[in-house]
Amino acid sequence: MPSFTLIVPTYNAGTARWNEWFHAFQKQTNQPSQLIIIDSSSTDDTRNIAS
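Numbering-wise, our numbering comes out as the position in the sequence shown, counting from 1, plus 855.
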């Protein structure tokens, strides 16, 4: 299986969107070898949730 990196840009995603995204991400058959989350100066708790 080839390895790949998943880059996720975010901005004020909030708890609800992160939970929805994370559950969908976990269901994927192919998982990335590296996950990079880039936050664009969110003013909510996106940074804390993502870490």
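Don't be surprised by glycine CBs; every beta carbon is placed ideally from N, CA and C. All values reported here derive from a predicted model rather than from experimental measurement.
Under the three-state reduction of DSSP output, threonine 865 falls in the strand class.
Scanning its chain for C-beta atoms nearer than 6 Å, with the 5 sequence neighbours on each side dropped, one finds around glycine 869 the residues Asp899, in chain order. Look at the region 859–904 and you find these whole runs of alpha helix (DSSP H), each 4 residues long or longer: 869–881. Between isoleucine 862 and isoleucine 893, the C-beta gap is smaller than 8 Å, which places the two residues in contact. Residues of the same chain with a CB within less than 8 Å of the CB of serine 895, apart from the 5 flanking positions on each side, are Pro864, Thr865 and Tyr866 in chain order.
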